[in-house]
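With our numbering as the guide, the letters of the sequence shown map in order to residues 815 to 1025.
This report refers to the structure that appears directly beneath it.
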Amino acid sequence: MKKKADKLNSEIHFAYTASVAYRCIPRLFREFLSQSERNYLIYSDEMPSDEIVKGLKEGRFDLGICSRTAPDPDIIQRPLLYQPLVLILPEHGEYSRTAFQSPEDVCTVPFVSYRSDYPMYRQVSALFDRFQLHPQISHYAYSEDAIAQLVAQELGVSIVVETESLAIYDNIRILRPDWLSDGRYLYLTYHRLRHQGDAVRSMMDFIDRFF
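Written as structure tokens, this is what we have:
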């Protein structure tokens, strides 16, 4: 019993989406551990939002940072971070200097999309639906980084959330047209009924201050 209690109070099982994997999550872990009086052990996984919620319901994770997912009475989501949508296009190539002043312009060239089973695919699709438009999807990809790498190879343009990692790509351009005013929140996500040990409670308190 004591061994189980010690584990509950010293371990954190944490899942997060790719959009915060580049700097945000490593910095969060470093600062949390450096300011903690106890030695905590963190197990972390990067995965899509829907999979994070599934893992929380199955008891594989204590906490997650992810997009808004389908309403579930057992899952609590607290907003942490807002990420605006941006249009990305290749630095070179036939449409690299297009201004894309309207959403109709985006539909005239190949479009690199989030995977169709991801929450961000649903949000971007809703954006086009609002304009009664259909992009010419040429590729589906998992994350903002995967999409950016395809765009950099002149395989299309895309609409993604603006993440820290986009700044490292010198072969893409980032546009913020007036018609693209949407964005998404990331949420601290956890199971309403699961008992949280000292480690998880400490992490939750720190996350509120960190963001």
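Cβ atoms here follow ideal geometry from the backbone N, Cα and C, with glycine treated the same way.
The model shown is predicted, which means the values in this text are computed figures rather than measured ones.
Are the beta-carbon atoms belonging to residue i and residue j less than 9 Å from one another?
i	j	result
Val-974	Tyr-928	yes
Gln-891	Pro-924	no
Glu-858	Ile-839	A small fix is needed here, since residue 858 is Ser in this sequence, not Glu. Contact flag set, yes.
Pro-885	Arg-1006	no
Ser-1016	Phe-846	yes
For residue i, which of helix, strand or coil comes out of DSSP?
i	result
Cys-880	strand
Leu-842	helix
Tyr-932	coil
Arg-911	coil
Phe-875	coil
Glu-825	strand
Asp-1022	helix
Ala-955	strand
Asp-1012	helix
Ser-833	helix
Glu-860	strand
Arg-944	helix
Gln-891	strand
Gly-997	strand
Leu-1007	coil
Gln-897	strand
Leu-969	coil
Pro-924	strand
Pro-949	coil
Answer with buried or exposed for residue i, where buried requires no fewer than 16 other C-beta atoms within 10 angstroms of its C-beta.
i	result
Ser-850	exposed
Pro-917	buried
Ala-913	exposed
Tyr-956	exposed
Leu-855	exposed
Can you check which of these residues, the options, is closest to residue i by C-alpha distance?
i	options	result
Ser-995	Arg-841, Asp-931 and Phe-942	Phe-942
Glu-958	Arg-1023, Ser-939, Phe-843 and Val-926	Val-926
Ala-832	Glu-865, Ser-848, Ile-856 and Arg-844	Glu-865
His-1009	Gly-873, Phe-846 and Glu-845	Gly-873
Val-834	Arg-1023, Glu-976 and Tyr-935	Glu-976
Cys-921	Phe-843, Gln-946 and Arg-837	Gln-946
Val-900	Gly-869, Arg-852, Val-938 and Asp-1022	Val-938
Asn-823	Arg-1023, Phe-1024 and Asp-1012	Asp-1012
Ser-952	Lys-871, Ser-930, Ala-940 and Tyr-836	Ser-930
Tyr-935	Asn-853, Thr-883 and Phe-1024	Thr-883
Val-867	Pro-933, Ile-986, Tyr-909 and Arg-911	Pro-933
Asn-853	Ile-1021, Val-1014 and Phe-1024	Val-1014
Arg-837	Ser-910, Glu-908, Gln-915 and Glu-978	Glu-978
Ile-986	Ser-848, Phe-875, Arg-841 and Tyr-909	Tyr-909
Is the number of C-beta pairs between the stretch 994-1006 and the stretch 879-897 that are closer than 8 Å three or more?
yes
Is the stretch 825-834 in contact with the stretch 871-885, if contact means three or more CB pairs nearer than 8 Å?
yes
Cβ contact check for the stretch 860-868 and the stretch 981-999: 3 or more pairs under 8 Å
no
I want to know whether the stretch 899-910 touches the stretch 952-970 - three or more CB-CB distances under 8 Å.
yes
Just checking, does the stretch 974-986 make contact with the stretch 957-965 on the three C-beta pairs under 8 Å criterion?
yes
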